[in-house]
Amino acid sequence: MSEPLIVAEQLIKRFGEFTAVDGIDVQVEKGEAFGFLGPNGAGKSSTMRMIACVSPITAGRLRVFGLDPATQGADIRRRIGVVPQLDTLDVELSVQENLWLYGRFFDLPRPEAKRRSAELLEFAQLTDRATSVVESLSGGMKRRLSIARSLINEPELLLLDEPTTGLDPQARHVLWDRLYRLKQQGVTLVLTTHYMDEAEQLCDRLVVMDQGKIVAEGSPRSLIGQYATREVLELRFAADGNAAAAPQLEGIGERQELLPDRVLIYADDGEHALTETHHRGLQPESALVRRASLEDVFLLLTGRTLVD
Amino acid sequence: MAAMGTPGALRVASWHLTAFRRFWRLNLLSSLVQPLLYLLGLGVGVGSLVDRNTGSGQLLGSASYVAFVAPGLLVTTAMALTAGESMWPVMGSLTWQRGYHGIAATSLEARDIVFGHGTWMMVRSGIAATAVAIVLACFRETRSWGLLPGILAAIAVGVSFAMPIMAFSINVKLDGAFAGLQRFLIIPLFLFGGAFYPISQLPTVVQWVARLFPLWHGVVMARDFSVGDVDWAGVVGHTAYIAAWVVAGTWIAIIRLRKRLYP
Ligand SMILES: Nc1ncnc2c1ncn2[C@@H]1O[C@H](COP(=O)(O)OP(=O)(O)OP(=O)(O)O)[C@@H](O)[C@H]1O
Ligand SMILES: [Mg+2]
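Protein sequences, first through last, are from chains A and B. Be aware that the first sequence starts at 1, since it is given in my numbering, and climbs by one per residue. Be aware that the second sequence starts at 309, since it is given in my numbering, and climbs by one per residue.
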């Protein structure tokens with residue numbers, strides 16, 4: 001039995017009086033794609049930074065590759081790749097210079113740094129922009145470059161903090177594809193995201209965090225099965241009608257959730273719930289039946305939507 | 309255990325070098341323009357006035373006023389350059405561009421960044437002082453072998469300003485603080501630090517303030533070398549004092565950067 005790649009036990013991070021990470025237990029196995037999900041301020045980045053050995057833990061126990069970040073930080077960092085929430089690229093330098101220099105930081109011999117850079121440019125589909133100044137790249141290209149750069153030391157573990165935030169759908173799909181390939185090559189992925197579809201696409205297993213605590217853990221499918229119904233009926237009523245309609249919907253489906261802009265009805269058969277709604281003489285402006293998603297799990301667990 | 313490779317400071321310095329290479333002509337030119345303007349404006353203009361007054365040569369201890377000012381310019385150039393390079397760029401690497409955060413995520417750490425900055429500031433001071441020295445060597449009045457050790461004094465002074473200012477810049481929240489530092493420290497030192505006249509001309513209190521900072525110590529050494537009247541005990545004392553500034557600045561910078569990069 002090999003020890004998991006990351007082991008966190010009762011991990012705590014405080015900033016002064018404020019507790020950002022409040023006693024979480026996490027294990028990530030080698031080769032896994034693991035996600036931290038949660039709203040703004042949940043403590044995702046704080047956790048990632050502790051794992052990346054750029055933020056000392058306040059209390060608890062943390063091991064990465066079986067090493068202690070407090071005393072062996074540099075040895076751990078040598079073996080991981082980090083894509084931080086905010087890019088740290090050198091915007092005045094060219095795309096390839098960014099890669100070469102990062103290779104130099106890891107003390108790769110110059111020819112080796114250049115060889116890997118060329119490969120990574122290919123991987124990130126940036127070969128034709130190799131000599132462009134980073135400032136001139138689009139947001140999606142910069143993010144791809146950040147990922148490429150984080151791979152220059154051929155890491156065993158890749159930490160990605162909101163890799164696709166702010167990207168358009170197409171750019172996100174390109175990135176997902178790249179990450180999927182890395183996973184196939186055996187790189188362990190740990191990522192944070194606000195996007196449920198991203199987590200469902202990429203993660204084998206995830207934890208939902210809220211206010212520094214883990215509120216649920218499992219595979220995307222198992223979480224949905226455990227916390228949500230098979231389908232969800234989304235109803236929108238005319239201005240201010242949502243709150244008025246909610247009491248009249250009582251009893252339809254298994255559970256209801258009143259949001260500012262719509263009412264959600266959790267039911268295994270969404271169409272049936274809609275028929276029932278019409279039977280009660282309610283006339284929603286729009287009605288949509290969809291499969292339950294992680295978003296619903298999150299809503300149920302925290303009473304809040306993920307992206308405000 | 310990992311094998312010892314290239315020292316971290318050199319890896320960081322090569323990062324600075326790459327960025328510098330993009331604009332090196334502009335950079336070099338701008339660090340040359342100022343000393344040359346002063347050399348011409350003050351050295352020639354004021355110099356003709358000073359040199360006409362009997363006894364000034366005796367007071368200055370040099371053949372002419374231009375010869376007196378030249379080594380001072382060598383050293384103040386290094387100070388002005390490294391002071392500026394240790395303000396906005398340091399803050400920018402932590403806030404706007406976050407380059408230091410990128411480095412801190414690799415196997416390097418705060419100490420390497422600070423040593424790398426120091427190494428790079430030595431190189432930059434060396435380049436700028438050499439360029440000024442080459443220009444000075446073109447004129448008969450300022451030509452001297454003493455310019456060579458003068459370059460070393462300039463490098464020492466350059467680093468002795470770079471490190472404490474780096475330590476200061478690490479926690480600066482608003483870049484207005486830098487304009488203040490320029491106005492209330494760098495420019496006054498430039499004017500009152502002994503580059504343009506012996507500080508013995510100043511009130512005692514001001515003399516002591518000038519002695520407190522490393523600039524005057526470097527200027528005195530550079531001038532002694534160029535005049536060819538070297539007091540070796542003095543050189544040891546001045547060098548030790550400048551080194552103390554370097555060590556203290558480096559030490560504080562590492563502690564502060566560590567706190568800042570690994571909160
Ligand atoms: N260096 C710091 N000093 C003080 N407080 C901090 C610091 N870093 C984070 N925090 C606080 O810790 C809490 C958790 O922040 P964190 O960045 O981990 O959240 P997050 O889940 O990544 O949120 P987001 O989705 O917005 O990125 C926030 O309330 C934040 O203000
Ligand atoms: Mg975050």
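For glycine and all other residues, C-beta sits at the position ideal for the given N, C-alpha and C.
Legend entry - Helix, strand or coil at residue 10(A) according to DSSP, with G and I counted as helix: Start at 1 with the first residue of the first sequence, and residue 10(A) comes out as number 10. Of the three classes helix, strand and coil, the one that applies to residue 10(A) here is strand, per DSSP.
Legend entry - Proximal residues to residue 82(A) (C-beta, below 6 Å), its chain only, five neighbours per side dropped: As a working mapping, residue 82(A) is identified with position 82 in the first sequence. Excluding residues within five positions, the ones whose Cβ falls inside 6 Å are 52, 150 and 159.
Inset, instruction - Report the rounded CA-to-CA distance for residue 308(A) versus residue 194(A), giving the unit in angstroms. - result: Counted from its first residue, the first sequence places residue 308(A) at position 308. Counted from its first residue, the first sequence places residue 194(A) at position 194. With a pLDDT of 48 at residue 308(A), under the threshold of 50, the modelled position of this residue cannot be trusted; read the value that follows with caution. Taking the straight line from one Cα to the other gives about 10 Å.
Legend entry - Residue from 295(A), 220(A), 227(A) and 242(A) with nearest C-alpha to residue 254(A): Indexing the first sequence from 1 puts residue 254(A) at position 254. The shortest C-alpha separation from residue 254(A) is found at 227(A).
Legend entry - residue 399(B): first and last residue of the uninterrupted alpha helix (DSSP H) it sits in: As a working mapping, residue 399(B) is identified with position 91 in the second sequence. Where residue 399(B) is concerned, the enclosing alpha helix (DSSP H) stretches over 396–402.
Inset, instruction - Flag residue 54(A) as yes if its beta-carbon sits less than 8 Å from any beta-carbon of chain B, otherwise no. - result: One-based indexing of the first sequence puts residue 54(A) at position 54. Yes - at least one Cβ of chain B is within 8 Å of the one on residue 54(A).
Legend entry - Check: residue 18(A) C-beta below 7 Å from any heavy atom of ligand 1: For the purposes of this step, residue 18(A) is taken as the residue at position 18 of the first sequence. Within the cutoff, so yes.
Inset, instruction - Output the distance between the C-alpha atoms of residue 513(B) and residue 50(A), rounded to the nearest integer angstrom. - result: By 1-based counting over the second sequence, the position of residue 513(B) is 205. By 1-based counting over the first sequence, the position of residue 50(A) is 50. In this structure, the alpha-carbon of residue 513(B) lies about 51 Å from that of residue 50(A).
Inset, instruction - State yes or no: is the beta carbon of residue 86(A) nearer than 8 Å to at least one beta carbon in chain B? - result: Residue numbering aside, residue 86(A) sits at position 86 when the first sequence is read from its first letter. True, the Cβ-Cβ gap to chain B drops below 8 Å.
Inset, instruction - Indicate the three-state DSSP secondary structure (helix, strand or coil) for residue 261(A) in the structure shown. - result: Within the first sequence, residue 261(A) is the residue found at index 261, counting from 1. Residue 261(A) carries a coil assignment under DSSP once its states are collapsed to helix, strand and coil.
Inset, instruction - Count the other C-beta atoms from every protein chain shown that fall within 10 angstroms of the C-beta of residue 343(B), then say buried if there are 16 or more, exposed otherwise. - result: As a working note, residue 343(B) is residue 35 in the second sequence. Buried, since its Cβ has 16 or more Cβ neighbours within 10 Å.
Legend entry - Among 118(A), 153(A) and 174(A), the one whose alpha carbon lies nearest that of residue 143(A): Stepping through the first sequence from its first residue, residue 143(A) is reached at position 143. Ranking 118(A), 153(A) and 174(A) by Cα distance to residue 143(A) puts 174(A) first.
Inset, instruction - Work out the CA separation of residue 46(A) and residue 525(B) for me, nearest whole Å. - result: Taking the second sequence and counting its residues from 1, one reaches residue 525(B) at position 217. Taking the first sequence and counting its residues from 1, one reaches residue 46(A) at position 46. Residue 525(B) and residue 46(A): Cα-Cα distance of roughly 47 Å.
Inset, instruction - Put residue 349(B) into one of helix, strand or coil per three-state DSSP. - result: Along the second sequence, one-based indexing puts residue 349(B) at 41. Helix.
Legend entry - residue 372(B) in three-state terms, based on DSSP: On the second sequence, position 64 is the one that residue 372(B) refers to. Correct three-state label for residue 372(B): coil.
Legend entry - residue 210(A) - partner residues in DSSP beta bridges: The residue you call residue 210(A) lines up with position 210 of the first sequence. Its beta-bridge partners are 213(A).
Legend entry - Contacting residues, own chain, Cβ-Cβ under 8 Å from residue 377(B) (five flanking each side not counted): Working through the second sequence from its first residue, we reach residue 377(B) at position 69. If we look at residue 377(B) and ignore the five residues flanking it on each side, its Cβ neighbours are 346, 347, 350, 351, 355, 503 and 504.
Legend entry - Beta-carbon proximity of residue 207(A) to residue 298(A), cut-off 8 Å: To locate residue 207(A), count along the first sequence from 1; it is residue 207. To locate residue 298(A), count along the first sequence from 1; it is residue 298. No. Outside cutoff.
Legend entry - Cα-Cα separation, residue 310(B) to residue 80(A): By one-based count along the second sequence, residue 310(B) stands at place 2. By one-based count along the first sequence, residue 80(A) stands at place 80. Because residue 310(B) carries a pLDDT of 45, less than 50, the predicted location of this residue cannot be relied on, and the following value inherits that uncertainty. One C-alpha to the other measures close to 15 Å.
Legend entry - Close-in-space but distant-in-sequence residues of the same chain around residue 147(A) (CB under 6 Å, 5 per side omitted): Position 147 of the first sequence holds residue 147(A). Apart from the 5 residues on each side of it in sequence, residue 147(A) sits with its Cβ closer than 6 Å to the Cβ of 83 in its chain, given in chain order.
Inset, instruction - For chain A, find out if any of its Cβ atoms is closer than 8 Å to the Cβ of residue 414(B); answer yes or no. - result: By one-based count along the second sequence, residue 414(B) stands at place 106. Interface residue (Cβ-Cβ distance to chain A less than 8 Å): residue 414(B) is classified as such.
Inset, instruction - Give me the Cα-Cα distance between residue 154(A) and residue 38(A), rounded to the nearest whole angstrom. - result: Within the first sequence, residue 154(A) is the residue found at index 154, counting from 1. Within the first sequence, residue 38(A) is the residue found at index 38, counting from 1. In a straight line, the C-alpha of residue 154(A) is about 29 Å away from that of residue 38(A).
Legend entry - Spatial distance of residue 375(B) from residue 391(B) (CA atoms): Residue numbering aside, residue 375(B) sits at position 67 when the second sequence is read from its first letter. Residue numbering aside, residue 391(B) sits at position 83 when the second sequence is read from its first letter. Taking the straight line joining both Cα atoms gives about 25 Å.
Inset, instruction - Leaving aside the five residues before and after residue 161(A) along the sequence, list all residues of the same chain whose C-beta is less than 6 Å from its C-beta, in chain order. - result: Position 161 of the first sequence, counted from the first residue, corresponds to residue 161(A). Within the same chain, residue 161(A) has close Cβ partners 45, 48, 84, 85 and 192.
Legend entry - residue 70(A): contacting residues in chain B (beta-carbon distance under 7 Å): If you number the first sequence from 1, residue 70(A) lands on position 70. Near residue 70(A) there are no residues of chain B at all, since even the closest Cβ is about 11 Å away, more than 7 Å.
Inset, instruction - List the residues of chain B whose Cβ lies closer than 9 Å to the Cβ of residue 32(A), in chain order. - result: Position 32 of the first sequence, counting from 1, holds the residue named residue 32(A). None at all; the shortest Cβ gap to chain B is about 22 Å.
Legend entry - Same chain only: Cβ atoms within 7 Å of residue 440(B), ignoring 5 sequence neighbours per side: By one-based count along the second sequence, residue 440(B) stands at place 132. Result list for residue 440(B): 340, 343, 381, 382 and 385, in chain order.
Inset, instruction - Any chance you could list the residues with Cβ under 5 Å from a heavy atom of ligand 1, keeping chain order? - result: With the cut-off at 5 Å, the residues found are 15(A), 20(A), 40(A), 41(A), 42(A), 43(A), 44(A), 45(A), 46(A) and 571(B).
Inset, instruction - Could you give the DSSP three-state label for residue 297(A): helix, strand or coil? - result: What you label residue 297(A) is simply residue 297 of the first sequence in a count that begins at 1. Note: residue 297(A) maps to helix in three-state DSSP.
Inset, instruction - Can you tell me which of the three DSSP states residue 488(B) falls into? - result: On the second sequence, residue 488(B) is found 180 positions in, with the first residue counted as 1. Three-state DSSP puts residue 488(B) in a helix.
Inset, instruction - Count the other CB atoms, across all protein chains shown, that sit within 10 Å of the CB of residue 256(A); report buried if there are 16 or more and exposed otherwise. - result: As a working mapping, residue 256(A) is identified with position 256 in the first sequence. By the 10 Å Cβ count, residue 256(A) comes out buried.
Inset, instruction - With 8 Å as the threshold, decide whether the Cβ of residue 105(A) is near any Cβ in chain B. - result: Translated into positions along the first sequence, residue 105(A) becomes position 105. Taking Cβ atoms only, chain B reaches closer than 8 Å to residue 105(A), which makes this a yes.
Inset, instruction - From the DSSP output, in three-state form, read off residue 277(A) for me. - result: In the first sequence, counting from the first residue as 1, residue 277(A) sits at position 277. Collapsing the DSSP output to three states places residue 277(A) in a helix.
Legend entry - Amino acids of chain A, ordered along the chain, whose beta-carbon sits closer than 9 Å to that of residue 570(B): Counting from 1 along the second sequence, the entry for residue 570(B) is found at position 262. By Cβ distance, chain A contributes 49, 53, 54, 55, 56 and 73.
Inset, instruction - Find the residues of chain B that neighbour residue 90(A), judging by a C-beta separation of less than 9 Å, and give them in chain order. - result: Mapped onto the first sequence, residue 90(A) falls at position 90. Going along chain B in sequence order, the residues near residue 90(A) (Cβ under 9 Å) are 323, 326, 327, 405, 407 and 410.
Inset, instruction - With DSSP collapsed to three states, give me the class of residue 423(B). - result: In the second sequence, the residue the question calls residue 423(B) occupies position 115. In the three-state scheme derived from DSSP, where H, G and I count as helix and E and B as strand, residue 423(B) is classed as helix.
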